[in-house]
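Trainee: Per numbering that gives the first Met the number 0, the very first residue in the sequence shown carries number 0; after that it's consecutive. Backbone N, C-alpha and C fix where the C-beta goes; we use that ideal spot for every residue, glycine too.
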Amino acid sequence: MGTGSASALSIPLTLDATAHTTVAKLGLTTSFPTTTMTGEVAFKAGPDGRLPLTSTLELPQATTDLKVGPVKLAAITMKVVDPETTGSVLLAGGKVNTKVSQKFKVQITSLVPLGLDKAPGSSTLNLVGTKCMTEATTADLSGDLAGTFKTMSGTLTGTYTIPAFHNCGALTDVLTTLVSGDGNTLSVDLRPHTTA
0 MGTGSASALS IPLTLDATAH TTVAKLGLTT SFPTTTMTGE VAFKAGPDGR
50 LPLTSTLELP QATTDLKVGP VKLAAITMKV VDPETTGSVL LAGGKVNTKV
100 SQKFKVQITS LVPLGLDKAP GSSTLNLVGT KCMTEATTAD LSGDLAGTFK
150 TMSGTLTGTY TIPAFHNCGA LTDVLTTLVS GDGNTLSVDL RPHTTA
């Protein structure tokens with residue numbers, strides 16, 4: 000989802016964002032590299048006084064260990080596909096109360112078995128193909144952020160469901176059994192954008 004064009008009736012946003020997710024079934028936490036969230040706050044308050052927020056948050060892919068208990072099974076690389084973010088903000092009490100709905104699909108871009116993830120040529124090994132992903136799901140995130148709209152900082156948190164996986168070859172049912180389900184957590188740490 001694009002941010003639209005900024006106008007006199009909106010404030011453009013550019014924030015640094017670092018996302019973390021925990022898969023409930025596995026107790027597996029993955030942190031995504033810091034990226035940039037862009038968007039805008041429109042001065043078009045609803046009946047509750049909240050202002051619409053639209054944004055784009057493209058998360059880079061991240062690699063972590065796929066484990067069952069203490070046993071490492073594979074190195075797994077995941078990314079978020081087709082993200083769409085809508086929400087609202089309310090400036091009150093020196094905080095920016097923020098509510099966001101983040102719609103996305105979960106894609107597994109590669110899965111390399113234990114012992115092969117460090118082997119020569121492992122970067123081209125992929126047991127799940129190129130289309131292993133879920134249908135769309137939605138994470139509802141909220142939090143009170145410090146600062147003003149353009150300098151917001153703090154953490155948004157929420158939960159989401161991982162739907163069943165599709166197009167993962169022979170591992171489709173295995174991944175659905177191991178990974179899919181509800182109660183997964185997502186947090187996004189936001190801070191004012193800085194340039195290197």
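Tell me, to the nearest whole angstrom, how far the beta carbon of residue 143 is from that of residue 96; I am working on the premise that it is less than 8 Å.
Mentor: Residue 143 sits at position 144 when you count from the first residue of the sequence shown. Residue 96 sits at position 97 when you count from the first residue of the sequence shown. Right, their Cβ atoms sit about 5 Å apart.
Trainee: Kindly give me the distance between the Cβ atoms of residue 106 and residue 149, rounded to whole angstroms, as I take these residues to be in contact under 8 Å.
Mentor: Numbered from its first residue, the sequence shown carries residue 106 at position 107. Numbered from its first residue, the sequence shown carries residue 149 at position 150. Actually they are not in contact, since the Cβ atoms of residue 106 and residue 149 sit about 32 Å apart, beyond 8 Å.
Trainee: How many Å lie between residue 102 and residue 88 at the Cα?
Mentor: Here residue 102 refers to the residue found at position 103 when the sequence shown is read from its first residue. Here residue 88 refers to the residue found at position 89 when the sequence shown is read from its first residue. The straight-line gap from Cα to Cα measures roughly 18 Å.
Trainee: Name, in chain order, the residues that DSSP records as bridge partners for residue 126.
Mentor: The residue labelled residue 126 in the question sits at position 127 within the sequence shown. DSSP lists no partner for residue 126.
Trainee: Is it buried or exposed for residue 54, if we count other Cβ within 10 angstroms and need 16 for buried?
Mentor: What you label residue 54 is simply residue 55 of the sequence shown in a count that begins at 1. Residue 54 comes out buried.
Trainee: Kindly give me the distance between the Cβ atoms of residue 58 and residue 65, rounded to whole angstroms, as I take these residues to be in contact under 8 Å.
Mentor: Within the sequence shown, residue 58 is the residue found at index 59, counting from 1. Within the sequence shown, residue 65 is the residue found at index 66, counting from 1. Contact doesn't hold; Cβ gap of about 19 Å is too wide.
Trainee: On the criterion of 16 or more Cβ atoms from any shown chain inside 10 Å, does residue 8 qualify as buried, or is it exposed?
Mentor: On the sequence shown, residue 8 is found 9 positions in, with the first residue counted as 1. By the 10 Å Cβ count, residue 8 comes out exposed.
Trainee: What's the gap between the Cα of residue 2 and the Cα of residue 190?
Mentor: Position 3 of the sequence shown, counted from the start, is the residue given in the question as residue 2. Position 191 of the sequence shown, counted from the start, is the residue given in the question as residue 190. In this prediction, residue 2 has a pLDDT of 41, which is less than 50 and means its spatial position is unreliable; nothing more can be read from the coordinates.
Trainee: Over what stretch of residues does the beta strand (DSSP E) that includes residue 56 continue unbroken?
Mentor: Looking up residue 56 in the sequence shown gives position 57. From DSSP, the beta strand (DSSP E) with residue 56 extends over 50-56.
Trainee: Using only CA atoms, which one of 181, 21, 76 and 93 lies nearest to residue 132?
Mentor: For this step, residue 132 is matched to residue 133 along the sequence shown. For residue 132, the nearest C-alpha among the options comes from 76.
Trainee: Return the bridge partner residues of residue 166 from the DSSP annotation.
Mentor: Looking up residue 166 in the sequence shown gives position 167. For residue 166, which the question treats as bridged, DSSP gives no partner whatsoever.
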